[in-house]
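Per UniProt numbering, residue 1 is the first one in the sequence shown, and the count goes up by one each step.
Ideal Cβ placement from N, Cα and C applies to all residues, glycine included.
Bear in mind that the values here come from a model prediction, so they are computed numbers and not experimental data.
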Amino acid sequence: MLPRPTLSFMLPSLHDETRLACRIYHPVSLSSDSHGHHTQPWQGNAAVVAHPYAMMGGSYDDRIVDLIAGTLLHAGYLVATFNFRGASPSGGRTSWTSKAEQADYMSVVGFLAHYVHYLKPPTGPQDGASPPVAADPRMLMAGYSYGAMVTLKIPALSTIMASFASPRVHTAAADIRLRAQHLAEQQNVLLATPISPRKSLGMRVGGADDEVPRKSHDRPRRSRSIDHEDRIRKGVIELLERTKLIHHHHHHHHHRKHHADHDDKHQTEAQDVLAEKSMQVIEGMTHFSSAYLVVSPPYGVVTNLATMTIPNPFASWPGRKSHQTRKEMDGATFKDPEHEPGEHSGQARQAEEVKMALHPTLAIYGDADNFLTLRKIREWAAGMDSTPDSAFHYMEVSGAGHFWVEGDSLYRLRDAVEEFATGLT
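Here's what the structure looks like:
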């Protein structure tokens with residue numbers, strides 16, 4: 001369902017600056033050739049969709065991720081998909097606790113929020129009338145399978161955005177902010193430039209991967225990706241040079257060895273001074289209303305993949321490669337939040353439930369899903385749904401398994417996602 005991405009690029013993770021492959025899809029209302037057509041203006045709504053477990057081949061190419069993201073795109077959302085660490089072409093390795101993956105997800109949310117803030121599409125004619133004042137745009141955070149579990153565990157949107165409010169220069173948060181602004185400003189130029197119908201097939205500003213299959217004798221396109229990344233870095237540097245910074249007046253005292261080369265010492269001191277600078281808080285930063293969508297969360301299950309009797313369902317899918325070896329995959333484990341007291345305290349679980357009760361949330365799962373404990377997820381979903389004034393809702397699909405291949409289950413999933421997404425706008 002998804003078209004060619006509008007943008008394909010890399011982001012540093014807030015966790016450890018691991019490079020994450022990301023894709024951005026613009027809705028039809030943001031196409032350069034949509035002006036003059038009867039297309040409803042984009043309302044600023046955006047969504048992130050996270051994929052299944054990387055060590056089982058999960059990636060942003062997953063068919064259910066494609067269905068969810070494509071449905072949201074059709075509903076008018078600007079959509080971001082990404083690969084967690086360990087899912088090529090992202091770097092790093094899959095973690096055992098999902099803490100790193102939570103930071104990966106937060107990185108993409110932060111990017112998307114700032115990208116939407118700086119994206120200024122041209123407005124069409126209003127027949128002399130002022131455009132209606134829209135409510136806060138939606139930030140819909142979604143995930144499927146393991147991606148749904150991470151979606152449940154990430155902190156509230158306000159907490160995520162606080163990491164980007166005034167980040168120190170040369171940190172991942174600062175780089176993410178600058179990349180979002182740089183790429184949005186590029187798109188603003190493209191969106192304001194009319195193009196002929198023959199050239200209206202969309203433009204990809206690539207770099208993270210290469211979606212178009214090529215013949216074996218074609219030259220590798222890795223150099224094009226590197227060139228694109230270099231252009232982004234150059235744009236970020238230029239943007240940083242014209243960005244107002246906050247100067248901190250406290251100093252760190254370092255005990256350094258004496259260097260024969262004084263230039264090295266001066267360069268190090270200059271870097272220390274720069275590290276004391278932070279980006280200013282963005283005046284009038286776009287405020288988003290949160291919403292959550294979790295599809296087939298592996299709730300209540302701790303599954304050791306080495307003892308599974310079913311074959312790896314991702315293994316035969318094209319393009320499903322990860323950095324992990326077979327030995328590492330044999331020891332892979334889905335971590336159930338309920339059984340991880342050290343990493344997922346009762347206080348954190350309470351924060352999760354408050355987050356979902358306060359903001360529109362839809363959980364969708366099948367009663368034939370072997371990747372969850374049906375009794376536990378029913379108890380959890382019913383408990384969340386019955387909380388007074390709760391914005392949480394759930395849908396149990398009869399006969400549907402984890403991969404939504406039974407009967408018309410895939411279409412029922414699509415319709416539920418579409419109804420939920422359109423109901424938020």
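A192 versus Y394, L293, S8 and L30, residue with shortest Cα-Cα distance: L30
Cα-Cα separation, R19 to Y411: 34 angstroms
Coarse secondary structure for I24, derived from DSSP in three states: strand
Neighbour-count burial assignment, G284, 16 or more Cβ in a 10 Å radius: exposed
Buried or exposed (CB count within 10 angstroms, at least 16 for buried), K120: exposed
Element boundaries [beta strand (DSSP E), containing Y77]: Where Y77 is concerned, there is no enclosing beta strand (DSSP E), given that its DSSP letter is neither H nor E.
CB-CB length for P360 against A391, believed under 8 angstroms: 5 angstroms
Coil, strand or helix - G366 by DSSP: strand
Range of the contiguous beta strand (DSSP E) that encloses S8: L7 to P12
Proximity to V116 [Cα-Cα], best of I232, A47, S409 and L14: A47
Any 3 or more C-beta pairs closer than 8 angstroms across the segment 107 to 115 and the segment 74 to 87: yes
Cα-Cα separation between F420 and A291, rounded to whole angstroms: 10 angstroms
Which of helix, strand or coil DSSP assigns to G110: helix
The segment 44 to 59 touching the segment 138 to 149, judged by at least three CB pairs closer than 8 angstroms: yes
Distance between beta carbons of V301 and L372, contact taken as under 8 angstroms: 6 angstroms
Residue closest to G407, alpha-carbon to alpha-carbon, out of E379, A368 and S386: A368
V397 classed as buried or exposed, judged by whether at least 16 other C-beta atoms fall within 10 angstroms: buried
Per-residue DSSP class, three states only, for G383: helix
Y146: first and last residue of the uninterrupted alpha helix (DSSP H) it sits in: Y146 to K153
Cβ-based neighbour list, A69, same chain, cut-off 6 angstroms, excluding 5 preceding and 5 following: L2, V49, V79 and T81
Helix, strand or coil at H393 according to DSSP, with G and I counted as helix: strand
Secondary structure of G235, DSSP reduced to three states: helix
Contacting residues, own chain, Cβ-Cβ under 7 angstroms from L11 (five flanking each side not counted): L20, C22, S107, V108, F111, I176 and R179
Limits of the alpha helix (DSSP H) - the one that S158 falls within: L157 to A162
Contact test: D136 Cβ vs the ligand PLP heavy atom, cutoff 8 angstroms: This structure lacks the ligand PLP, and indeed carries no ligand of any kind.
P313 to F288 span [Cα, whole Å]: Caution is warranted here: a pLDDT of 40 is assigned to P313, below 50, making its placement in the model unreliable, and the coordinate value is therefore given only provisionally. Their backbone Cα atoms lie some 36 angstroms apart in a straight line.
Selection from D136, Y144 and H114 that minimises the alpha carbon distance to A173: H114
Own chain residues within Cβ distance below 8 angstroms of Y25, not counting five before or after: L2, P3, P5, T6, A69, L73, L78, V79, A80 and T81
A87 vs T97 beta-carbon contact at 9 angstroms: no
Contact set for S13: own chain, Cβ-Cβ below 6 angstroms, skip 5 residues either direction: L20, A103, D104 and S107
Residue burial classification, G423 (beta-carbon count within 10 angstroms, cutoff 16): exposed
Residues that DSSP places opposite M279 in a beta bridge: L245
Cβ-based burial, L190 [other Cβ within 10 Å; buried from 16]: exposed
Proximity below 9 angstroms, CB of T54 to CB of Y146: Strictly speaking, residue 54 in this sequence is Ala, with Thr absent from that position. Contact: yes.
Short Cβ contact (9 angstroms threshold) for P298 with M161: no
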